[in-house]
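Participant: Here you go, one structure.
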């Protein structure tokens, strides 16, 4: 791992640390509720790039927040993200059998366990944030709860998911603004929170908190376009998942609305803008800058 | 309503106030997410006895907490309770078409909307608790979040629901202790929180907070036995719902394990014990005492 580029190394290290934190924070798969606890662990431990958790850790590093505090918040965000994936994969929603190459929770257990595991992951994320170990100042903890619950709730992730479902049912005739709004809610708000959380933990001055939030907003938007571009252009072999799904589903994305070239330009503009928000952060912001670049360079 | 006994009048008034609070706290059913917001409102506004919300309001009254603060917490608890009912009613769980005489959310909309509405109700409950309007002191707000999320999470409501599902799948051979544990988790923890919340809001001394928690624990246990007794003895006409369901399902309850008479005695002992915990509360505790008596006297 020592020969890997700095961003890849930092992300791999962060992912390992986040998994350790999750392992400690989630109940052990014992006792009469064991299948619930096992399903929760399966859903969130050991998967994904940990983009959200990495953002929390890097945001926190700008303000010298303790690693333990940042890891708890990173774990909480990953719990919320994982719960949303477990519920999205259900037969009544996207009906997916595989996630990151493994059977989805409702395939590995059953639908009822998947619903409950998602529900319990959401509750547990707020317990983790609210506990004193996250930060000695209750005002910091409650602000984290307020921001994360808003990012996840009816005017955040859940609202975006609803709009997405309705668009698919109606045949997906959305314009650029509607697609942008959908994605801001569905995936953007949680990424914004992840970027902002370190500033909350570090009691950063408002302008710096806003800068991280704005960075998260642009990064999330660029990330989404990059995802759509990959879906439209990359092979399944490269991405490790089925591609061409959006076009096959007749789904409106910024790529289908703007065309490949304009979508790519827009993603590049967003990445540049994201980095501009970090102007006040000096060298400590380098990994966040690299992450922005990586967003549109990645092939999976 | 003026001729109704004091408890019935107080509960009806509380239910109306809680509905008003919910109406204000939930997003209006407008915009592209309208079906999500409408389903959330449908699930939680205008239904049930509001036992949990009433407990919050009465607990808060012991410590002269502002009605507005108490109503926000009551609304948050009812959102969590309603979300659990929406998910429990899903085809993969209890598969119920009716709830309180109305079509369940997945019948009135669809399964995906029901899953999302439940998810969003849970997030929104924590947003409501975390917002400044709930209490000027962030330590109070974050303590409410911590307690409610624990009561709802893997070691609370979700854990109890999991044990219940596994017991049904395995044929329900549980002993008295296992049934007690199941019910403590599945319904007891949220009722305990509801009773305790007023003391948190009122920054009550620990002994008084513990007294309310203990009252809630005994009340919840008595309430559950009374429910099982009603299921075993009352007619569907009296209760307004199907009865004899537990026996038909071969479900172990304290009534099936102890017999009618011993179960009734145990409920009475729990009610007496619940009231004993209120000894320090003077006349202001009278409605909570009446509520304990009502638990085993009710016919629906």
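Residue numbers (the working numbering), protein chains in the order written: chain D, 1 to 300; chain R, 1001 to 1300. All residues carry an ideal CB built from backbone N, CA and C; glycine is no exception.
When you compare the CB of residue 962/R with every CB in chain D, is at least one pair closer than 7 Å?
Facilitator: The structure shown does not extend to residue 962/R, since chain R spans only 1001 to 1300, so no value can be given for it.
Participant: Compare the C-alpha of residue 199/D against each of 49/D, 62/D and 120/D and name the closest.
Facilitator: Along the first chain, read from residue 1 onward, the residue named residue 199/D stands at position 199. Per the Cα distances, 62/D.
Participant: Short check: CB of residue 1041/R to CB of residue 1026/R, under 7 Å?
Facilitator: On the second chain, residue 1041/R is found 41 positions in, with the first residue counted as 1. On the second chain, residue 1026/R is found 26 positions in, with the first residue counted as 1. Result yes, Cβ atoms of residue 1041/R and residue 1026/R sit closer than 7 Å.
Participant: Where does residue 1102/R fall in DSSP's three states?
Facilitator: The count along the second chain starts at 1 and reaches residue 1102/R at position 102. In this structure, residue 1102/R counts as strand in the three-state DSSP scheme.
Participant: From the beta carbon of residue 1126/R, is the nearest beta carbon of chain D less than 7 Å away?
Facilitator: By one-based count along the second chain, residue 1126/R stands at place 126. Yes, its Cβ sits closer than 7 Å to a Cβ of chain D.
Participant: If you draw a straight line from the C-alpha of residue 225/D to the C-alpha of residue 84/D, how long is it?
Facilitator: Reading the first chain from its first residue, position 225 is the one you call residue 225/D. Reading the first chain from its first residue, position 84 is the one you call residue 84/D. Spanning the two alpha carbons is a distance of roughly 20 Å.
Participant: Whose C-alpha, out of 275/D, 229/D and 272/D, is nearest the C-alpha of residue 256/D?
Facilitator: Along the first chain, one-based indexing puts residue 256/D at 256. Cα-wise, what sits closest to residue 256/D is 229/D.
Participant: If we count the other Cβ atoms within 10 Å of its Cβ and call it buried at 16 or more, is residue 100/D buried or exposed?
Facilitator: Locating residue 100/D in the first chain gives position 100, counting from the first residue. By the 10 Å Cβ count, residue 100/D comes out exposed.
Participant: Tell me which same chain residues have a C-beta within less than 7 Å of the C-beta of residue 1/D, skipping the five on either side of it?
Facilitator: Residue 1/D sits at position 1 when you count from the first residue of the first chain. With a pLDDT of 44 at residue 1/D, under the threshold of 50, the predicted position of this residue should be treated as unreliable, though the coordinate-derived value follows. For residue 1/D, where only same-chain residues beyond five positions count, the Cβ hits under 7 Å are 9 and 12.
Participant: State whether the segment 153-169 of chain D contacts the segment 110-128 of chain D, with contact taken as three or more CB pairs (one from each stretch) at a distance under 8 Å.
Facilitator: The segment 153-169 of chain D, when compared against the segment 110-128 of chain D, does not touch it at the 8 Å Cβ threshold.
Participant: When Cβ atoms are compared, which residues of the segment 1162-1178 of chain R fall closer than 8 Å to chain D?
Facilitator: Residues 1162, 1163, 1165, 1166 and 1178.
Participant: Check for me: the alpha helix (DSSP H) holding residue 25/D runs from which residue to which?
Facilitator: Counted from its first residue, the first chain places residue 25/D at position 25. Looking at the DSSP string, the run of the alpha helix (DSSP H) that includes residue 25/D is 6-25.
Participant: Determine the contact status of residue 306/D and residue 254/D, defining contact as a CB-CB distance below 7 Å.
Facilitator: Absent from the model: residue 306/D. The displayed extent of chain D is 1 to 300, so no value can be given.
Participant: Can you give me the C-alpha to C-alpha distance between residue 1291/R and residue 1187/R, rounded to a whole angstrom?
Facilitator: Here residue 1291/R refers to the residue found at position 291 of the second chain. Here residue 1187/R refers to the residue found at position 187 of the second chain. Spanning the two alpha carbons is a distance of roughly 17 Å.
Participant: Among residues of its own chain, excluding the 5 on either side of residue 70/D, which ones have a beta-carbon nearer than 7 Å to its beta-carbon?
Facilitator: Taking the first chain and counting its residues from 1, the one referred to as residue 70/D is at position 70. Correct list, in chain order: 56, 57, 60, 198 and 201.
Participant: Under a three-way DSSP split, which group does residue 1124/R fall into?
Facilitator: Start at 1 with the first residue of the second chain, and residue 1124/R comes out as number 124. It is helical.
Participant: Mind checking residue 227/D: buried by the 16 CB within 10 Å criterion, or exposed?
Facilitator: One-based indexing of the first chain puts residue 227/D at position 227. Classification for residue 227/D: buried.
Participant: If we require 4 or more residues per run, which alpha helix (DSSP H) segments fall completely within the segment 1034-1102 of chain R?
Facilitator: Entirely contained in the segment 1034-1102 of chain R, the alpha helix (DSSP H) runs reaching 4 residues are, in chain order, 1034-1044, 1051-1061 and 1067-1088.
Participant: Can you tell me where the alpha helix (DSSP H) with residue 286/D in it begins and where it stops?
Facilitator: Mapped onto the first chain, residue 286/D falls at position 286. Element bounds for residue 286/D: 286-297.
Participant: According to DSSP, simplified to helix, strand and coil, what is residue 221/D?
Facilitator: Taking the first chain and counting its residues from 1, the one referred to as residue 221/D is at position 221. Residue state, collapsed to three classes: helix.
Participant: Quick one: is residue 245/D buried, meaning 16 or more other Cβ sit within 10 Å of its Cβ, or exposed?
Facilitator: Position 245 of the first chain, counting from 1, holds the residue named residue 245/D. By the neighbour-count rule (16 or more Cβ atoms within 10 Å), residue 245/D is not buried but exposed.
Participant: For a test of the three-state rule: what should DSSP assign to residue 257/D, helix, strand or coil?
Facilitator: Locating residue 257/D in the first chain gives position 257, counting from the first residue. Reduced to three states, the DSSP call for residue 257/D is helix.
Participant: Are the Cβ atoms of residue 194/D and residue 52/D separated by less than 7 Å?
Facilitator: Translated into positions along the first chain, residue 194/D becomes position 194. Translated into positions along the first chain, residue 52/D becomes position 52. Result yes, Cβ atoms of residue 194/D and residue 52/D sit closer than 7 Å.
Participant: For residue 1192/R and residue 284/D, what's the separation of their Cα atoms in angstroms?
Facilitator: Numbered from 1 along the second chain, position 192 holds the residue referred to as residue 1192/R. Numbered from 1 along the first chain, position 284 holds the residue referred to as residue 284/D. Computed Cα separation, rounded: 47 Å.
Participant: Would you report the Cα separation of residue 1037/R and residue 1280/R, rounded to the nearest angstrom?
Facilitator: In the second chain, counting from the first residue as 1, residue 1037/R sits at position 37. In the second chain, counting from the first residue as 1, residue 1280/R sits at position 280. Their backbone Cα atoms lie some 43 Å apart in a straight line.
Participant: Using the rule of at least 16 other Cβ atoms within 10 Å of the residue's Cβ for burial, across every protein chain shown, is residue 5/D buried or exposed?
Facilitator: Position 5 of the first chain, counted from the start, is the residue given in the question as residue 5/D. With fewer than 16 Cβ atoms within 10 Å of its Cβ, residue 5/D is classed as exposed.
Participant: If you pair each beta-carbon of the segment 1259-1278 of chain R with each one of the segment 1205-1218 of chain R, do three or more pairs fall below 8 Å?
Facilitator: At 8 Å Cβ cutoff, the stretches touch.
Participant: Skipping 5 residues on each side, what residues in its chain have a beta carbon closer than 6 Å to that of residue 1261/R?
Facilitator: Taking the first residue of the second chain as 1, we reach residue 1261/R at position 261. Counting only Cβ-Cβ distances below 6 Å, and skipping sequence neighbours, we find nothing.
Participant: Which residues bound the alpha helix (DSSP H) around residue 148/D?
Facilitator: Within the first chain, the letter at position 148 stands for residue 148/D. That run of the alpha helix (DSSP H) goes 138-152.
Participant: Grouping DSSP H, G and I as helix and E and B as strand, with all else coil, what is residue 186/D?
Facilitator: Position 186 of the first chain, counted from the first residue, corresponds to residue 186/D. The answer is helix: DSSP assigns residue 186/D an H, G or I state.
Participant: Express the C-alpha separation of residue 1206/R and residue 222/D in angstroms, rounding to a whole number.
Facilitator: On the first chain, residue 222/D is found 222 positions in, with the first residue counted as 1. On the second chain, residue 1206/R is found 206 positions in, with the first residue counted as 1. Distance between the alpha carbons of residue 222/D and residue 1206/R: 51 Å.
Participant: If residue 1158/R sits next to residue 119/D, beta carbons under 8 Å apart, how far is it from one beta carbon to the other, in whole angstroms?
Facilitator: By one-based count along the second chain, residue 1158/R stands at place 158. By one-based count along the first chain, residue 119/D stands at place 119. Correct: roughly 5 Å between the Cβ atoms.
Participant: Would you say residue 249/D faces chain R, with C-beta separation under 7 Å as the test?
Facilitator: On the first chain, residue 249/D is found 249 positions in, with the first residue counted as 1. By this cut-off, residue 249/D is not an interface position.
Participant: Would residue 141/D count as contacting chain R if we go by Cβ distances under 7 Å?
Facilitator: Residue numbering aside, residue 141/D sits at position 141 when the first chain is read from its first letter. It does; some Cβ of chain R falls within 7 Å.
Participant: In chain order, what residues of the segment 1049-1065 of chain R put their CB closer than 7 Å to some CB of chain D?
Facilitator: Residues passing the 7 Å Cβ filter: none.
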